[in-house]
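Residues -20 to -1, 1 to 171 (mature numbering (1 follows the signal peptide of the UniProt record, and there is no 0)) make up the sequence shown, in order.
Ideal placement from N, C-alpha and C gives every residue a C-beta, glycine not left out.
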Amino acid sequence: MTAKFYVSAALLWLTLTAQAQTPVTSPAAWQPDKSRHSIYAGIMGGGVFLSLHYELRLQPDQLGWGARIGIGYAPGYEETKHIRGDSGVWITSNQHYPSKLTIPFNVNYLLGKAGSPHRLELGLGLTYMDGDAKLFDQVTTRHTWLVMGTVGYRRFYFHNRLMWKIAFTPVISLDADYPLPYAEGGIGLRF
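Next comes the structure, spelled out in structure tokens:
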């Protein structure tokens, strides 16, 4: 009686989890799913060093307009300066810069063909940094706003579920007058 129970339970489970399948006659017959949400981990770029982003596409084919928001981390560091004083004596100055929280926001547009896994990304965004952005400007402030452009390439795999990206992301601090070259890389999943 136990074997009949297990066989019946297994058949019931297979019946409930079975899905109807339509035969695929060619690769062009494959229809991508309509999910618009992505999450990806990034290095550099809008998160400054390490970041985690949530992205929402407005169209289900991963083309057109989209927006993302994230949370990032910029590590702290120590800086030692040796300065020659007025009396000719060398003075050593140690400066500690703590780790910083960053919150990037970006609006972007993806170009490409609907059936292709290749995308060109163009975007513009703002990043809030809780602390001084000494890397991007020379003004000392408690909070920093960075403006970042994006020109990048995205490559999708596994029916547009897995994505990696590289991008050129020039940065302009609101306390500086000139852009600095910067880059971004990332890998993520669509759900």
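N- and C-terminal bounds of the beta strand (DSSP E) containing residue i
{"i": "V127", "result": "124 to 137"}
Burial state of residue i (16 or more Cβ within 10 Å)
{"i": "L126", "result": "buried"}
{"i": "F136", "result": "buried"}
{"i": "P40", "result": "exposed"}
{"i": "L147", "result": "Rather than Leu, the amino acid found at residue 147 in this sequence is Ala. Burial call: buried."}
{"i": "E35", "result": "buried"}
{"i": "H62", "result": "exposed"}
{"i": "G95", "result": "exposed"}
{"i": "V151", "result": "buried"}
{"i": "residue 180", "result": "A query on residue 180 cannot be resolved here, the shown segment of the chain reaching from -20 to 171 and no further."}
{"i": "G44", "result": "exposed"}
{"i": "S79", "result": "exposed"}
{"i": "A8", "result": "Any reading at A8 needs caution, since the residue's pLDDT is 47, under 50, leaving its predicted position unreliable; the model's value is listed next. A8 comes out exposed."}
{"i": "E58", "result": "exposed"}
{"i": "P84", "result": "buried"}
Where residue i sits in the DSSP three-state scheme
{"i": "G26", "result": "helix"}
{"i": "S96", "result": "coil"}
{"i": "V69", "result": "coil"}
{"i": "L43", "result": "coil"}
{"i": "Y89", "result": "strand"}
{"i": "L142", "result": "strand"}
{"i": "S153", "result": "strand"}
{"i": "residue 176", "result": "Any property of residue 176 remains undetermined from this structure, which presents the chain solely from -20 to 171."}
{"i": "L38", "result": "coil"}
{"i": "S31", "result": "strand"}
Those residues which DSSP pairs with residue i across a bridge
{"i": "R170", "result": "S18"}
{"i": "A163", "result": "F148"}
{"i": "N74", "result": "T60"}
{"i": "P84", "result": "T107"}
Minimum Cβ-Cβ distance from residue i to chain C less than 8 Å
{"i": "G165", "result": "As a matter of chain content, chain C is missing from the structure shown, which is built from one protein chain."}
Exercise. Are there three or more Cβ pairs, one per stretch, closer than 8 Å when the stretch 90 to 105 is compared with the stretch 70 to 78?
Worked result: no
Exercise. Does the stretch 52 to 66 come within contact of the stretch 19 to 39, defined as at least 3 CB pairs closer than 8 Å?
Worked result: yes
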